[in-house]
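Peer 1: Would you mind keeping the following structure in view while I ask a few things?
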Amino acid sequence: METTEHFRIESISMCEEVPNQLVKFYLTPKDYTAGTQTVDINMTSPKSIGENTRLNCMGYLGVRERWVYLFTYEDDFCFVLRAYVGQLFYDMERAAGILPGSCPISQGQNAENFVVESCKFCENITNPTIKVYVTFKDFIPGHQTIEANLSTPITIDESTVLKTSVDIEAKLKRSRWVHLFTVEDDFCRVIQMYIGEFWYEIQRAAAVAPRTCPIPRGNYHVVNHKLNFEKLKLQTFPFGRLRVTMITRDKYTKNVLSCLVCIIANYLP
Numbered sequence: 030m031e032t033t034e035h036f037r038i039e040s041i042s043m044c045e046e047v048p049n050q051l052v053k054f055y056l057t058p059k060d061y062t063a064g065t066q067t068v069d070i071n072m073t074s075p076k077s078i079g080e081n082t083r084l085n086c087m088g089y090l091g092v093r094e095r096w097v098y099l100f101t102y103e104d105d106f107c108f109v110l111r112a113y114v115g116q117l118f119y120d121m122e123r124a125a126g127i128l129p130g131s132c133p134i135s136q137g138q139n140a141e142n143f144v145v146e147s148c149k150f151c152e153n154i155t156n157p158t159i160k161v162y163v164t165f166k167d168f169i170p171g172h173q174t175i176e177a178n179l180s181t182p183i184t185i186d187e188s189t190v191l192k193t194s195v196d197i198e199a200k201l202k203r204s205r206w207v208h209l210f211t212v213e214d215d216f217c218r219v220i221q222m223y224i225g226e227f228w229y230e231i232q233r234a235a236a237v238a239p240r241t242c243p244i245p246r247g248n249y250h251v252v253n254h255k256l257n258f259e260k261l262k263l264q265t266f267p268f269g270r271l272r273v274t275m276i277t278r279d280k281y282t283k284n285v286l287s288c289l290v291c292i293i294a295n296y297l298p
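With my numbering applied, the sequence shown covers 30 to 298.
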């Protein structure tokens, strides 16, 4: 009996013939272990997905460099998930902080209306090796204009680890910060997987070829650049005030190279 126990996802990409999709889904494999892959998933939706949404799944088999049609499943989105995906999808819901079995899926929270209130060095880091300065020229939700300077005496490459922690402000009897999640990986990998086109636009503004990574040592300047938070690859953020702490370390010595704390307001659209 053939099974899916040793499935391995090689790639997932959005259909080229549908350029402006309302529901955006990104899946990045972190390894290629058959049957038990580790992935990062990011999905954004401006509307609820449920009984009013149809899901059409078509399967093909690769045979000698051509695709042979196997099957088509089409039904209400929630029915397809329950009937054909089941526990696999419920596990992904748990990982996303959603009650397993929830369907319809509510409108996704996103970063489209981010406003960065401040961005400064961590208090315990007085003279970082890598220096980043950001000046905000306005506070328009989702489309702020900035000036920025980055100075690094070293190349930022695979020997550099970027750890990003995100906390949300909780207002009960008094305000406090509650941890949401932490992402930690090689600098270039974090940029590619979680920031994407948002960072590439900053590189263009600094006269650096987009997707350049490692980043050579030197001084970089950005003037009158309009941030477009819709281009941020990772979009799954709750609404409210967020504290984002970004620590860059040397992978081998563990020395801190830079540390920034940014306070961001995520407004309801």
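Glycine included, each C-beta is placed from N, C-alpha and C at the ideal position.
This structure is a prediction, so every number in the text was calculated from the model and none was measured.
Find the nearest neighbour of E146 within the set R111, Y61, R278 and H172, judged by alpha-carbon distance.
Peer 2: The option with the nearest alpha carbon to E146 is H172.
Peer 1: Is it true that the CB of L84 sits closer than 9 Å to the CB of D60?
Peer 2: Their beta carbons are not under 9 Å apart, which means D60 does not touch L84 by this criterion.
Peer 1: Which same chain residues, not among the five before or five after F150, have their C-beta less than 7 Å away from its C-beta?
Peer 2: Closer than 7 Å at the Cβ level, and outside the excluded window around F150, lie P157, C288 and L289.
Peer 1: So, helix, strand or coil for Y55, using DSSP?
Peer 2: In the structure shown, Y55 sits in a strand (DSSP, three-state: E or B).
Peer 1: If we ignore side chains and look at the alpha-carbon of each, how far apart do N18 and T164 end up?
Peer 2: Lying outside 30 to 298, the shown extent of the chain, residue 18 is not represented and no answer is given.
Peer 1: So, does the region 53-73 touch the region 99-114, judging by three or more C-beta pairs under 8 Å?
Peer 2: Not touching, per the Cβ criterion.
Peer 1: Out of L56, S40, R93 and C132, state which residue places its alpha-carbon closest to the alpha-carbon of R111.
Peer 2: Per the Cα distances, C132.
Peer 1: Contact defined as beta carbons within less than 8 Å: I believe F268 pairs with Y296. What is the distance between those atoms, to the nearest angstrom?
Peer 2: Yes, they are in contact, since the Cβ atoms of F268 and Y296 sit about 7 Å apart, within 8 Å.
Peer 1: Spatial neighbours of T241 within its chain, please: C-beta separation below 7 Å, excluding the five flanking residues on both sides.
Peer 2: For T241, where only same-chain residues beyond five positions count, the Cβ hits under 7 Å are Q232.
Peer 1: Can you tell me whether W294 is helix, strand or coil according to DSSP?
Peer 2: First, the amino acid is wrong: residue 294 is Ala here, not Trp. Strand.
Peer 1: What are the boundary residues of the beta strand (DSSP E) that A234 is part of?
Peer 2: From DSSP, A234 is part of no beta strand (DSSP E) but of the alpha helix (DSSP H) over E226 to A234.
Peer 1: Per DSSP, what kind of secondary structure is R205 in: helix, strand or coil?
Peer 2: Strand.
Peer 1: Could you work out which residue in P48, N49, S40 and E45 is closest to P58 when comparing CA atoms only?
Peer 2: Comparing Cα-Cα distances from P58 to each of P48, N49, S40 and E45, the minimum goes to S40.
Peer 1: Under three-state DSSP, which class holds F268?
Peer 2: Residue state, collapsed to three classes: coil.
Peer 1: Looking only at DSSP bridge pairs, what is T73 linked to?
Peer 2: Bridge partners of T73: K53.
Peer 1: Name, in chain order, the residues that DSSP records as bridge partners for D215.
Peer 2: V190, per the DSSP bridge assignment.
Peer 1: Spatial neighbours of F118 within its chain, please: C-beta separation below 6 Å, excluding the five flanking residues on both sides.
Peer 2: Contacts found: L110.
Peer 1: How many whole angstroms separate the CB atoms of R246 and T181, which I take to be in contact at a CB cut-off of 8 Å?
Peer 2: Going by Cβ atoms, the distance from R246 to T181 rounds to 5 Å, so yes, they are a contact pair.
Peer 1: My understanding is that V190 touches F216, with C-beta atoms under 8 Å, so please give their C-beta distance in whole angstroms.
Peer 2: Contact flag correct, Cβ pair sits at about 7 Å.
Peer 1: If Y270 and E187 are in contact, beta carbons under 8 Å, what's the gap, nearest whole angstrom?
Peer 2: The sequence as given places Arg at residue 270; Tyr does not occur at that position. Incorrect: roughly 34 Å between the Cβ atoms, too far for contact.
Peer 1: Helix, strand or coil: how does DSSP classify R83 here?
Peer 2: Three-state result, R83: strand.
Peer 1: Spatial neighbours of Y162 within its chain, please: CB distance less than 6 Å, with the 5 preceding and 5 following residues excluded, ordered by chain position.
Peer 2: Counting only Cβ-Cβ distances below 6 Å, and skipping sequence neighbours, we find N178.
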